[in-house]
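Engineer: Going by our numbering, the first residue of the sequence shown is number 839, and it counts up by one from there. Glycine included, every Cβ here is placed at the ideal spot set by N, Cα and C. The structure presented is a predicted model; accordingly, all values stated were derived computationally and were not measured. The structure under discussion is supplied below as structure tokens; questions concerning it will follow.
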Amino acid sequence: ENRLCATMIEMLNVEGVVLEPAGALAIDALKDFSKKEIRGKTIVAVVSGGNFDFERLPDVKERALRFEGLKKYFIIRFPQRPGALRDFLELLGPDDDIARFEYLKKSARNFGSVLIGIETKDSRNFDLLKANFEAEGVQYQDITDNETLAGFII
Numbered sequence: 839e840n841r842l843c844a845t846m847i848e849m850l851n852v853e854g855v856v857l858e859p860a861g862a863l864a865i866d867a868l869k870d871f872s873k874k875e876i877r878g879k880t881i882v883a884v885v886s887g888g889n890f891d892f893e894r895l896p897d898v899k900e901r902a903l904r905f906e907g908l909k910k911y912f913i914i915r916f917p918q919r920p921g922a923l924r925d926f927l928e929l930l931g932p933d934d935d936i937a938r939f940e941y942l943k944k945s946a947r948n949f950g951s952v953l954i955g956i957e958t959k960d961s962r963n964f965d966l967l968k969a970n971f972e973a974e975g976v977q978y979q980d981i982t983d984n985e986t987l988a989g990f991i992i
């Protein structure tokens, strides 16, 4: 389902074509074949887009970004002290963008749980970000691929 969303967004961004999910299946299925397998063969892919609800576009984009590894969600144990946010921002790379920041539990404790959504231009940037988390002792959990938890929180 997430890969299909990525195909829909790719067709919109590259070709300027709006496809409904069922209409994008043929294009998406082509990704299962290597170029060598289909070279020299006639391939027909029927696509359609008439039954797409544009109000769902943000959800489709969200799923596509997560599938492509360009957006991740973390639950981070965040210190409750002046300058903590500034220190955290120093861990981000130049192409990393905070797409969501939400305290999950508000209390007067020294630490609180924070949901942070981070979007980047290259999925490999998350390797560096996680290495920065580890180096600085940031306690985090990547919940991006946990469909149950993500469904409740994201």
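Tell me whether the beta-carbon of Phe916 lies closer than 7 Å to the beta-carbon of Val952.
Structural biologist: yes
Engineer: Using 8 Å for Cβ pairs, my map puts Glu900 next to Asp935. What's the rounded Cβ distance?
Structural biologist: 14 Å between Cβ atoms; not a contact.
Engineer: Evaluate the contact criterion for the stretch 964–984 versus the stretch 909–924: three or more CB pairs, one atom per stretch, below 8 Å.
Structural biologist: yes
Engineer: Confirm, please, whether the CB-CB distance from Ala844 to Ala902 is below 7 Å.
Structural biologist: yes
Engineer: Just to confirm my understanding: we take Asn963, look at its own chain, exclude 5 residues before and 5 after, and list those with CB closer than 8 Å. What are they?
Structural biologist: Gly931, Asp933, Asp934
Engineer: Please classify Ile847 as buried or exposed, where buried requires at least 16 other C-beta atoms within 10 Å of its C-beta.
Structural biologist: Flag for Ile847 reads buried.
Engineer: So Ile956 is in the beta strand (DSSP E); what residue range does that whole segment cover?
Structural biologist: 949–957
Engineer: Could you tell me the distance, in whole angstroms, from the CA atom of Gly888 to the CA atom of Ala860?
Structural biologist: In a straight line, the C-alpha of Gly888 is about 10 Å away from that of Ala860.
Engineer: By Cβ distance below 7 Å, which residues in the same chain neighbour Ile992 in space, the five residues on each side in sequence not counted?
Structural biologist: Tyr911
Engineer: To the nearest angstrom, how far is the alpha carbon of Ala973 from that of Arg938?
Structural biologist: 23 Å
Engineer: Helix, strand or coil: how does DSSP classify Pro896 here?
Structural biologist: helix
Engineer: Please work out which residues of its chain come closer than 7 Å, Cβ to Cβ, to Asp960, disregarding the five sequence neighbours upstream and downstream, and give them in chain order.
Structural biologist: When the five nearest sequence neighbours on each side are left out, the beta carbons in the same chain lying within less than 7 Å of the beta carbon of Asp960 are those of Asp933, in order along the chain.
Engineer: Ignore the nearest five residues each way along the sequence and tell me which others in Ala883's own chain have a CB closer than 6 Å to its CB.
Structural biologist: Ala864, Ile865
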